[in-house]
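Chemist: Residue numbering for the sequence shown is 109 to 383, as defined by our numbering.
The beta-carbon is built from N, C-alpha and C at its ideal position, and this holds for glycine as well.
The structure is given below, and queries will be raised subsequently.
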Amino acid sequence: MSTPLPKTVEFPSLGTVCRLGLASRGNTELPADAVHEAIEQGVNYLNWCGTENGMQRAIRELGSRRDDVRIAVQLESRSAEVARREFEQICEELQSEVIDVVTYYYVEDQEDWDRIHEPDGAAGYLEMLKSEGRVKSIGLTSHQRPLAASFIQNSDYLDMLMLRYNAAHRGAENDVFPITQGRLPVVSFTALRWGALLRPTPTDPPDFVIPPATDWYRFALAHPAVSVTLMAPNDADELRQNLSLLESWDALSPERHAELAAHGDRVREHAGRFP
């Protein structure tokens, strides 16, 4: 029998979080009812992309259940004044005075990080919000793994990290996870590699059967440094397929893990390379 994966994780300042999170994207058609369905089944980490969509409506409809859900957003602003306007707009659009997780959106170079921490930078403003209880966790979203790892090593400022990790993009296993594991939570995204892991490649073995989406989420969740993996389904049907993972929360066997990693290598080779 397979060993069950941990289904929940403890986040500093957030409490217990389901390791399968839900994210929205600007081009999806996920209705509010489907988001509520996910919450009913235990999903309580919602990453809102900032556009008017079903997740936004579901969050606005939470009412007394708001405290049971962790809402995450990404902040594009680098200066305090612009961050203030952006944050207040987010709160207005979600009808929530508290945002559980705010990550700096795509910090891709040292200059960006330095600007955030200047005297009039966004860092001071977010720290003030955190002291007031309006923000519970401050994080970083980046594609630049070694740079993000250096920020974490050299600063006690960050509470969490959000980055890409999937079977085709495993660089974080060497660049980031040895630093973050045991230090701060990691939320991973693009577990399906934008759908490419669900498609065949020209060099697949003759008898290879494409694994379902749930196995690719299992792959990401299997790494002990990954606290939460975000799913971003296109619609309610895809969401329900993903939620079936909650009914069978078993880890991948070593053989299955190796099979998925091999397909990830093929996808990386044929679907285009990313750092």
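#1: Once DSSP output is grouped into helix, strand and coil, what is the label at Tyr-233?
#2: Any C-beta of chain B sitting closer than 9 Å to the C-beta of Arg-376?
#3: Sorted by chain position, which residues of the same chain lie with C-beta nearer than 7 Å to Gln-261's C-beta, five sequence neighbours on each side aside?
#4: What is the C-beta distance between Leu-329 and Thr-337, in whole angstroms, given that I count them as a contact (C-beta under 8 Å)?
#5: Could you check how far apart the C-beta atoms of Asp-220 and Arg-253 are, in whole angstroms? I think they sit under 8 Å.
#6: Can you look up Pro-383 in the DSSP assignment and give me helix, strand or coil?
#7: Are the segment 135 to 147 and the segment 114 to 124 in contact at 8 Å, needing three or more beta carbon pairs?
#8: How far does the alpha helix (DSSP H) with Ile-143 in it reach, from first residue to last?
#9: Under 6 Å Cβ to Cβ from Pro-383, same chain only, skipping five residues before and after it: list those, please.
#10: Give a yes or no on whether the C-beta atoms belonging to Phe-297 and Ala-340 are separated by under 9 Å.
#11: Checking the sheet assignment: what are the DSSP bridge partners for Tyr-212?
#12: Out of Thr-309, Ala-166, Gly-247 and Gly-229, which one is the CA nearest neighbour of Tyr-212?
#13: When you compare only the Cα positions, how much space is there between Glu-363 and Leu-271?
#14: Which value, in whole angstroms, describes the spacing of the CA atoms of Met-244 and Gln-218?
#15: Give the DSSP bridge partners of Gly-129, in chain order.
#16: Going by beta carbon distance, what residues of the same chain come within less than 6 Å of Arg-326, once the five residues before and after it are set aside?
#17: Quick check: the Cα distance between Asn-161 and Thr-136, rounded to an integer number of angstroms?
#18: May I ask you to verify whether the segment 196 to 205 touches the segment 219 to 237, counting CB pairs closer than 8 Å and requiring at least 3?
Modeler: With the structure as the only source:
#1: The residue labelled residue 233 in the question sits at position 125 within the sequence shown. DSSP places Tyr-233 in helix when its eight states are reduced to three.
#2: Although the question refers to chain B, the structure presented lacks it and comprises just one protein chain.
#3: The residue given as residue 261 occupies position 153 in the sequence shown. Here the set comprises Ile-287.
#4: Within the sequence shown, the letter at position 221 stands for residue 329. Within the sequence shown, the letter at position 229 stands for residue 337. Confirmed, about 5 Å.
#5: For the purposes of this step, residue 220 is identified with residue 112 of the sequence shown, where counting begins at 1. For the purposes of this step, residue 253 is identified with residue 145 of the sequence shown, where counting begins at 1. Approximately 15 Å separates the beta-carbon atoms of Asp-220 and Arg-253; this is outside 8 Å, ruling out the contact.
#6: If you number the sequence shown from 1, residue 383 lands on position 275. Its pLDDT being 49, under 50, Pro-383 is placed unreliably by the model, and nothing is read from it.
#7: Contact between the segment 135 to 147 and the segment 114 to 124 is absent, because fewer than three Cβ pairs lie under 8 Å.
#8: Taking the sequence shown and counting its residues from 1, the one referred to as residue 143 is at position 35. According to the sequence as given, residue 143 is Val; it is not Ile. Element bounds for Val-143: 140 to 148.
#9: Residue 383 sits at position 275 when you count from the first residue of the sequence shown. Residue confidence for Pro-383 is low, a pLDDT of 49 falling below 50, so the modelled location carries little weight; the figure read from the coordinates is stated next. Excluding positions up to five away in sequence, the list is empty.
#10: Along the sequence shown, read from residue 1 onward, the residue named residue 297 stands at position 189. Along the sequence shown, read from residue 1 onward, the residue named residue 340 stands at position 232. Contact flag set, yes.
#11: In the sequence shown, residue 212 corresponds to position 104, counting from 1. Per the DSSP secondary-structure output, Tyr-212 pairs in a beta bridge with Leu-183 and Leu-248.
#12: Walking along the sequence shown from the start, residue 212 turns up at place 104. Among Thr-309, Ala-166, Gly-247 and Gly-229, the Cα nearest to that of Tyr-212 belongs to Gly-247.
#13: Here the question's residue 363 lines up with position 255 in the sequence shown. Here the question's residue 271 lines up with position 163 in the sequence shown. Going by the C-alpha atoms only, they are around 26 Å apart.
#14: Position 136 of the sequence shown, counted from the first residue, corresponds to residue 244. Position 110 of the sequence shown, counted from the first residue, corresponds to residue 218. Sequence inspection shows Lys at residue 244; the Met mentioned does not correspond to that position. Taking the straight line from one Cα to the other gives about 25 Å.
#15: In the sequence shown, the residue the question calls residue 129 occupies position 21. For Gly-129, which the question treats as bridged, DSSP gives the partners Leu-338.
#16: In the sequence shown, counting from the first residue as 1, residue 326 sits at position 218. Cβ neighbours of Arg-326 within its own chain (closer than 6 Å, five residues either side excluded): Leu-360.
#17: If you number the sequence shown from 1, residue 161 lands on position 53. If you number the sequence shown from 1, residue 136 lands on position 28. Whole-angstrom Cα-Cα distance: 8 Å.
#18: Between the segment 196 to 205 and the segment 219 to 237 there are fewer than three C-beta pairs closer than 8 Å, too few to call the two in contact.
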